[in-house]
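Please read the structure below before turning to the comments.
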Amino acid sequence: MQTIDEHSEALVVGAGGAIGAALTERLLDTTPVARVWAATRHPDSGRVAGLRARHGERVQAVAVDLTNPDSIAALAEQVGAATPRLHLLINAFGILHDRDAGIWPEKRVEDITAAGLEANLRINTMAPMLIARHCLPLLNHRDRAVFASLSARVGSISDNRLGGWYAYRASKAAQNMFTRGLAIECARRARRVICLALHPGTTDSGLSEPFQAHVPDGKLFTPAFVAECLLKRIDAAGIDDSGQFLAWDGAPIPW
Ligand SMILES: NC(=O)c1ccc[n+]([C@@H]2O[C@H](COP(=O)([O-])OP(=O)(O)OC[C@H]3O[C@@H](n4cnc5c(N)ncnc54)[C@H](OP(=O)(O)O)[C@@H]3O)[C@@H](O)[C@H]2O)c1
1 MQTIDEHSEA
11 LVVGAGGAIG
21 AALTERLLDT
31 TPVARVWAAT
41 RHPDSGRVAG
51 LRARHGERVQ
61 AVAVDLTNPD
71 SIAALAEQVG
81 AATPRLHLLI
91 NAFGILHDRD
101 AGIWPEKRVE
111 DITAAGLEAN
121 LRINTMAPML
131 IARHCLPLLN
141 HRDRAVFASL
151 SARVGSISDN
161 RLGGWYAYRA
171 SKAAQNMFTR
181 GLAIECARRA
191 RRVICLALHP
201 GTTDSGLSEP
211 FQAHVPDGKL
221 FTPAFVAECL
231 LKRIDAAGID
241 DSGQFLAWDG
251 APIPW
């Protein structure tokens with residue numbers, strides 16, 4: 001992998017999610033990465049605890065609450081106090097629904113709620129922006145580095161043929177605009193940082209679980225398969241690819 005050697009440090013935010021954990025596991029299993037910082041709401045339980053049990057000190061769990069800007073700043077401080085450089089940062093978190101909070105993707109405009117909008121925008125849009133704001137100094141060094149955010153095809157404006165899912169679609173479209181803008185700024189002042197928006201494809205996870213009945217046979221990917229595909233995209237990306245919106249198979253997605 002171009003990005004990763006035995007001196008490399010990676011940060012996966014949302015490492016307890018299905019895709020985040022699979023990305024973390026694959027980095028640890030198939031690359032010589034020195035350490036993966038696994039940022040999660042639950043550092044001592046769930047998938048991140050399992051990763052720590054299997055991989056020891058190559059996994060550094062860090063607690064983060066992505067709805068709290070101070071917590072995001074503290075995450076960058078904690079990582080930065082231990083390492084001056086990150087070679088890969090993947091925003092692997094996201095929200096589409098939260099039954100406990102009464103948040104559900106909207107079918108009709110009347111279904112829009114302030115709580116749903118706020119949760120989607122806070123997590124899917126604001127958190128990647130604040131993470132970049134605090135972590136860019138760790139990515140800006142003499143080596144190639146990648147800042148990748150998991151987006152979603154439904155965040156494409158030109159690809160929107162079904163409507164609905166207003167808050168999620170809008171939050172991912174705004175995330176995409178940020179990734180594009182960050183790529184332009186990095187080309188000026190952080191010239192080895194490659195910024196990517198990546199669509200994982202429909203993947204078996206808590207996020208997709210309520211909608212899997214409609215997925216055609218063979219189109220529901222395992223998190224392990226998706227992690228392999230996404231890390232290939234990250235590996236292959238050059239500076240000229242910065243600011244692109246790519247699917248799991250490398251196909252560009254129209255904005
Ligand atoms: N699954 C799909 O079919 C699909 C399709 C297109 C795009 N995506 C995108 O892929 C990304 C990963 O999704 P996934 O399928 O792996 O979903 P997932 O298993 O539900 O994981 C999402 C993770 O996001 C973090 N998160 C969610 N709500 C949070 C909150 N309130 N505060 C802090 N962290 C929160 C959590 O990480 P921790 O548990 O570590 O705290 C959670 O485990 C998302 O951006 C999603 O939009 C997924």
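Okay, so the sequence shown: first residue is 1 according to this note's numbering, each after it adds one. We put the beta carbon where it would ideally sit given N, CA and C, even for glycine.
Residue i versus residue j - alpha carbon distance
i	j	result
V62	P32	21 Å
V36	E110	43 Å
S156	H87	28 Å
S242	H97	30 Å
R85	V12	14 Å
A145	L196	11 Å
A237	A187	14 Å
G116	M177	20 Å
V48	L28	13 Å
E57	L139	22 Å
P216	G164	20 Å
V64	S71	6 Å
A38	R142	24 Å
M129	A73	12 Å
6 Å CB neighbourhood of residue i in its chain, flanking five on each side removed
i	result
A247	H199 and I253
I112	E106 and Y166
Same chain, Cβ closer than 7 Å to residue i, five either side skipped, listed in chain order
i	result
I123	L66, T67, F93, G94 and I95
I19	A92, L150, P200, T203, S205, P223, V226 and A227
V119	Here residue 119 turns out to be Ala, not Val, going by the sequence shown. So the qualifying residues of the chain are I95, D98, A101 and I103.
A22	P223, A224, V226 and A227
G46	G16
G173	Residue identity check: residue 173 is Ala in the sequence provided, not Gly. So the list reads G155 and I157, once near-sequence residues are dropped.
W255	S156, I157, S158, N176 and F245
Buried or exposed (CB count within 10 angstroms, at least 16 for buried), residue i
i	result
S158	exposed
E6	exposed
I184	exposed
S8	buried
S171	buried
E77	exposed
F211	exposed
A251	exposed
I90	buried
R233	buried
T24	buried
G218	exposed
I239	exposed
A10	buried
Residue i versus the options, residue with shortest Cα-Cα distance
i	options	result
C229	F221, L138, L117 and D249	D249
A81	R99, R233, Q60 and I239	Q60
G16	L130, L51 and D29	L51
T40	L75, T30 and V193	L75
A152	L231, R169, Q244 and G14	R169
A127	P69, D143, T179 and G181	P69
Chain-order list of residues whose beta-carbon lies under 8 Å from that of residue i (same chain, five-residue window excluded)
i	result
R192	N140, H141, R142, D143, R144, A145 and I239
Looking at C-beta atoms only, is the number of pairs between the region 158 to 174 and the region 200 to 212 that lie closer than 8 Å three or more?
no
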